[in-house]
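J.: This is the structure, below, for whatever I ask next.
2 protein chains.
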Amino acid sequence: MRRMTARPANTHQARLLRLLRDSGPNSRAQLGDQVDLSRSKLAVEVDRLLETGLVVADGLAASRGGRRSHNIRLAPALRFLGVDIGATSVDVAVTNAELEVLGHITQPMDVREGPVAVFEQVLSMTAKLRASGLAEGFDGAGIGVPGPVRFPEGVPVAPPIMPGWDGFPVREALSQELGCPVMVDNDVNLMAMGEQHAGVARSVADFLCVKIGTGVGCGIVVGGEVYRGTTGSAGDIGHIQVEPEGRPCACGNRGCLEAHFSGAALARDAEEAARQGRSAELAGRLADTGILTSVDVAAAAAAGDATALDLIRAGGNRTGQVIAGLVSFFNPGLVVIGGGVTGLGHTLLAAIRTQVYRQSLPLATGNLPIVLGELGPTAGVIGAARLISDHLFSPA
Amino acid sequence: MRRMTARPANTHQARLLRLLRDSGPNSRAQLGDQVDLSRSKLAVEVDRLLETGLVVADGLAASRGGRRSHNIRLAPALRFLGVDIGATSVDVAVTNAELEVLGHITQPMDVREGPVAVFEQVLSMTAKLRASGLAEGFDGAGIGVPGPVRFPEGVPVAPPIMPGWDGFPVREALSQELGCPVMVDNDVNLMAMGEQHAGVARSVADFLCVKIGTGVGCGIVVGGEVYRGTTGSAGDIGHIQVEPEGRPCACGNRGCLEAHFSGAALARDAEEAARQGRSAELAGRLADTGILTSVDVAAAAAAGDATALDLIRAGGNRTGQVIAGLVSFFNPGLVVIGGGVTGLGHTLLAAIRTQVYRQSLPLATGNLPIVLGELGPTAGVIGAARLISDHLFSPA
DNA sequence: TCCGCTTTGTCCTGTGACTGGAGAAAGTCT
DNA sequence: AGACTTTCTCCAGTCACAGGACAAAGCGGA
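Here the protein sequences come in this chain order: A and B.
Each residue of the first sequence is one higher than the one before, starting from 1 at the first, in my numbering.
Each residue of the second sequence is one higher than the one before, starting from 397 at the first, in my numbering.
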């Protein structure tokens, strides 16, 4: 099968492609209403896009009181690959050009095994998706990694939790393997893009997306665009100090947020509580599986275990304390909480909200929703697909 | 004298005006090199600008080996007014279209006296500048106020330290009085714009500008543009909590940065130290004037007073602690420290740097300059002039 | 002083982008 | 069947712009 080779020739075409991606099939007239071009000019650009094969006209829509319109839509054969590499798991998904997830696989994994091993796994997952008939090839791929990335080159830089990846040419390597364009970004940024595209953050210009997984990070969206900072490390809030002489952190400092609350810290604290006999519920679960995760803590809390609830509340307070500072500073229109620990649900959210609403000024919090992400683990892969489609749907 | 009435008719003209503003007089050929237009098109636009009177061609430049070029420059009669209202003082300045300060007056004042009284003072200062022959009238004015502003309307909203100003139509009122367009912004944002235009932040895309005066605020520049947040309160870092059960703050909370370190807090702590006999130096100064300010503390520190030095270091540590968090989050390319307390100089800066470099990750701090602002009190008024010129030098 | 050479600025023409209107095609409603 | 809508196409005219030819103005060497 021939893959997408053409790119939009000008900004009008790029605009149209994104419009079709974000709002689905449209008639020429509907497109004209949204794009501020004369109908004649628009028809020309649509015709050119039809020639390239990026969009197709299939069938006629129902009449709305006059001549029936042609359905203009993105080529249905286009396929994007979304890869979300976490600290302990990989998500791989296939989407169509409208970024709808057609297939999605999750597998456990350990980033510390290094890029070669992880890539092998990603490729085998990709092959599985291909074999299921969802895609014969890919027109583009987006990939998220759990650490800072030099964005233009698509290369991780000095990632604390994945030391073997420093400088590894992720973009180039994956592009060669897949034979299609690839873009790389921080996993947190992709989550933000996912929630922006298909989740709770639609139509919000400025928002924060706090991801609490194994580590803690924050996606920053300014004017609808992800902000990555000068060296690509913007949003790295896991190492903000929350306690002057607090717990030691992997980064070498003490009292980092991540050392006090994160998936890893929560698991550690829960195991400690279980061993010290402070929670029969947790101790039982530990005996069952030999290990505890935030899922166990969530279950224990749901069962009414006081220690589990305390752990969640304490973590939420810590997180809320940091978010309160960020809200004062950034004055976002929305704060999204996502990542593995969202299973902790309302208890966590309530603690965060309490801190933020108490500590930040009313002008900043007055109309500020603080909500859980609504896409869960698909946020990352949708964000990844969106990343590459933003790239491909821009003038060459 | 007739004032500026025309506005650039298109983006090319706007671009040319800003270019002339930022890099002074230019020949047509030089403009063409910077603007990516054909010489013919450029000539047309320049001619149209000449017709409007916004720019003039005066004289010929020295030859550079060929035909001598015409000097194209912004109309020398254009005048902008920059007003910077602080908590305890007002700055008013006149600039030409290139934003060079032609005259500058500072006077003490108390914002809490309310907008009417303050406006009276501003107008009398303006009259003084006018009387000195620097300007017959103004083509535009920018004004900064020490609190959040609903930017599009130019109206302060819920400003903590200037309660009487809430909702006062600053923009409209001043525009009527002066008979020219007016733009209003937070004083901290204007300081950032000033340092960006003529100070240490030239050619830095993403930076933070921390202003420590009576209160503490932070200007945020993203991609060369000031970021104001959803409700205009972005950068309000004075009320970030630095100590769980710390000093009570005017905002009603406890432990805010501003309550622990700011011009006001420093003066309070210094007076306390003087009364308690912890510093002969400070006590002497208090006896002299009956009141202490950061200037006295700076002088005492310069004289080697240990208490004064301790106060500065403690404040710097607190501030550095907050800035470290912001650096992790925002990953700026530069941090500028400005405001009244910059008189504390290197002692303060060293304490801040120590905290930031210790607490933030190397990737964010590796190439991060932390410097004092170089414009001092003129940063605000230059920023104000720049604000209105950005507005006027954009397509109508 | 004349002649090349350089730089600056102006003029002119051709091309492509774009608009807006006329009108055809295809439908609904009375 | 006729009036009215909506969608889409076609066409002619306008404007933006590039690029080249050329004039103006200066320099330096022969």
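For every residue, glycine included, the Cβ atom is placed at its ideal position computed from N, Cα and C.
Note that the structure is a prediction, hence the values are computed from the model and not measured.
(1) Check whether the Cβ of residue 753(B) lies closer than 8 angstroms to any Cβ atom in chain A.
(2) Is there a C-beta anywhere in chain B that falls below 8 angstroms from the one on residue 337(A)?
(3) Take residue 547(B) as the anchor and find which of 537(B), 567(B), 534(B), 561(B) has the nearest alpha-carbon.
(4) Checking contacts by CB at 8 angstroms: is residue 239(A) closer than that to chain B?
(5) Kindly list, in the order they appear in chain B, the residues whose Cβ is closer than 7 angstroms to that of residue 230(A).
(6) Measure the Cβ-Cβ separation of residue 477(B) and residue 450(B) and say whether it is below 8 angstroms.
(7) Please state whether DSSP places residue 768(B) in a helix, a strand or coil.
(8) Contact between the region 742-762 of chain B and the region 714-728 of chain B: three or more CB pairs below 8 angstroms?
(9) Can you give the Cα-Cα distance for residue 433(B) and residue 425(B), rounded to whole angstroms?
(10) Rounded to a whole number of angstroms, what is the C-alpha to C-alpha distance between residue 595(B) and residue 376(A)?
(11) Straight-line CA distance for residue 181(A) to residue 791(B)?
(12) Quick one: what's residue 256(A) bridged to in DSSP?
(13) At least one CB of chain A closer than 8 angstroms to the CB of residue 682(B): is that the case?
(14) Mind checking whether the beta-carbon of residue 206(A) lies closer than 7 angstroms to any heavy atom of the ligand COA?
(15) Indicate whether the contact test is met: 3 or more Cβ pairs, each with one atom in the region 769-786 of chain B and one in the region 253-269 of chain A, closer than 8 angstroms.
(16) Using a Cβ-Cβ cutoff of less than 6 angstroms, which residues in the same chain neighbour residue 614(B) once the five nearest sequence positions on both sides are dropped?
(17) Would you be able to state if there are at least three C-beta pairs under 8 angstroms between the region 469-476 of chain B and the region 526-538 of chain B?
(18) May I ask you to report which of helix, strand or coil DSSP gives residue 672(B)?
(19) Output the distance between the C-alpha atoms of residue 591(B) and residue 597(B), rounded to the nearest integer angstrom.
(20) Are the CB atoms of residue 543(B) and residue 585(B) within a distance shorter than 8 angstroms?
(21) Whole angstroms is fine: what's the gap from residue 491(B)'s alpha carbon to residue 466(B)'s?
(22) From the DSSP output, in three-state form, read off residue 585(B) for me.
(23) For the pair the region 407-423 of chain B and the region 438-448 of chain B, tell me if three or more CB-CB distances fall below 8 angstroms.
(24) So, are the CB atoms of residue 560(B) and residue 480(B) less than 8 angstroms apart?
(25) Of all the residues that make up the region 533-553 of chain B, which are near chain A by a beta-carbon distance shorter than 8 angstroms?
(26) How many angstroms separate the CA atom of residue 505(B) from the CA atom of residue 516(B)?
(27) What are the residues of the region 429-449 of chain B that lie near chain A, defined by any Cβ-Cβ distance shorter than 8 angstroms?
(28) Closer than 8 angstroms by C-beta to residue 738(B): which residues in its own chain qualify, once you throw out the five before and the five after it? Chain order, please.
(29) Using a cut-off of 8 angstroms between C-beta atoms, extract the partners of residue 362(A) located in chain B.
(30) Counting contacts by CB-CB distance shorter than 8 angstroms, is residue 649(B) in contact with chain A?
(31) Listing by chain order, which chain A residues have their CB less than 7 angstroms from the CB of residue 722(B)?
(32) Alpha helix (DSSP H) containing residue 80(A): first to last residue?
T.: The structure says:
(1) As a working mapping, residue 753(B) is identified with position 357 in the second sequence. For residue 753(B), the answer is no, since every Cβ of chain A falls outside 8 angstroms of its Cβ.
(2) Within the first sequence, the letter at position 337 stands for residue 337(A). No, residue 337(A) lies away from the interface with chain B (no Cβ there is under 8 angstroms from its Cβ).
(3) Residue 547(B) sits at position 151 when you count from the first residue of the second sequence. Comparing C-alpha distances from residue 547(B) to each of 537(B), 567(B), 534(B), 561(B) shows the shortest one belongs to 567(B).
(4) Against the first sequence, residue 239(A) aligns to sequence position 239. Yes, residue 239(A) lies at the interface with chain B (some Cβ there is under 8 angstroms from its Cβ).
(5) Against the first sequence, residue 230(A) aligns to sequence position 230. For residue 230(A), the neighbours in chain B by C-beta distance under 7 angstroms run, in chain order, 602, 727, 728, 729.
(6) Position 81 of the second sequence, counted from the start, is the residue given in the question as residue 477(B). Position 54 of the second sequence, counted from the start, is the residue given in the question as residue 450(B). It is not a contact, given that the beta carbons lie outside the stated cut-off.
(7) Along the second sequence, read from residue 1 onward, the residue named residue 768(B) stands at position 372. When secondary structure is reduced to three states using DSSP, residue 768(B) falls in the strand class.
(8) Yes: the two stretches touch, three or more of their Cβ pairs being nearer than 8 angstroms.
(9) Along the second sequence, read from residue 1 onward, the residue named residue 433(B) stands at position 37. Along the second sequence, read from residue 1 onward, the residue named residue 425(B) stands at position 29. Pairing residue 433(B) with residue 425(B), the inter-Cα distance amounts to about 11 angstroms.
(10) Counting from 1 along the second sequence, the entry for residue 595(B) is found at position 199. Counting from 1 along the first sequence, the entry for residue 376(A) is found at position 376. Rounded to whole angstroms, residue 595(B) to residue 376(A) spans 45 angstroms at the Cα level.
(11) Stepping through the first sequence from its first residue, residue 181(A) is reached at position 181. Stepping through the second sequence from its first residue, residue 791(B) is reached at position 395. One C-alpha to the other measures close to 38 angstroms.
(12) Within the first sequence, numbered from 1, the residue matching residue 256(A) stands at position 256. Its beta-bridge partners are 241(A).
(13) Locating residue 682(B) in the second sequence gives position 286, counting from the first residue. Residue 682(B) does not count as touching chain A.
(14) Looking for the ligand COA in the displayed structure turns up nothing, as the structure carries no ligands at all.
(15) The region 769-786 of chain B makes no contact with the region 253-269 of chain A: fewer than 3 CB pairs, one atom from each, lie closer than 8 angstroms.
(16) Taking the first residue of the second sequence as 1, we reach residue 614(B) at position 218. Annotation for residue 614(B): 604, 606, 631, 633 place their beta carbon closer than 6 angstroms to its own, counting only its chain and skipping 5 residues before and after.
(17) With three or more CB-CB distances shorter than 8 angstroms, the region 526-538 of chain B counts as touching the region 469-476 of chain B.
(18) Translated into positions along the second sequence, residue 672(B) becomes position 276. Of the three classes helix, strand and coil, the one that applies to residue 672(B) here is coil, per DSSP.
(19) One-based indexing of the second sequence puts residue 591(B) at position 195. One-based indexing of the second sequence puts residue 597(B) at position 201. Cα atoms of residue 591(B) and residue 597(B): separation of roughly 5 angstroms, rounded to the nearest angstrom.
(20) For the purposes of this step, residue 585(B) is taken as the residue at position 189 of the second sequence. For the purposes of this step, residue 543(B) is taken as the residue at position 147 of the second sequence. Not a contact, by the Cβ cut-off of 8 angstroms.
(21) Along the second sequence, read from residue 1 onward, the residue named residue 491(B) stands at position 95. Along the second sequence, read from residue 1 onward, the residue named residue 466(B) stands at position 70. Using only the alpha carbons, I get a separation of about 24 angstroms.
(22) As a position in the second sequence, residue 585(B) is number 189, starting the count at 1. Residue 585(B): helix per DSSP, three-state reduction.
(23) Taking a contact to require three or more Cβ pairs closer than 8 angstroms, the region 407-423 of chain B and the region 438-448 of chain B qualify as touching.
(24) As a working note, residue 560(B) is residue 164 in the second sequence. As a working note, residue 480(B) is residue 84 in the second sequence. Note that the C-beta distance between residue 560(B) and residue 480(B) is not below 8 angstroms.
(25) Look at the region 533-553 of chain B: the residues with a C-beta under 8 angstroms from a C-beta of chain A are 544, 553.
(26) For the purposes of this step, residue 505(B) is taken as the residue at position 109 of the second sequence. For the purposes of this step, residue 516(B) is taken as the residue at position 120 of the second sequence. About 11 angstroms.
(27) Listed by position along the chain: nothing, the set is empty.
(28) The sequence position of residue 738(B) within the second sequence is 342, counting from 1. For residue 738(B), where only same-chain residues beyond five positions count, the Cβ hits under 8 angstroms are 608, 744, 768, 769, 772.
(29) Position 362 of the first sequence, counting from 1, holds the residue named residue 362(A). Simply 554.
(30) Your numbering for residue 649(B) matches position 253 in the second sequence. So yes, residue 649(B) belongs to the interface.
(31) Indexing the second sequence from 1 puts residue 722(B) at position 326. Chain-order list of chain A residues neighbouring residue 722(B): 329, by C-beta distance under 7 angstroms.
(32) Position 80 of the first sequence, counted from the start, is the residue given in the question as residue 80(A). Per DSSP, residue 80(A) belongs to no alpha helix (DSSP H); it is in the beta strand (DSSP E), 80-85.
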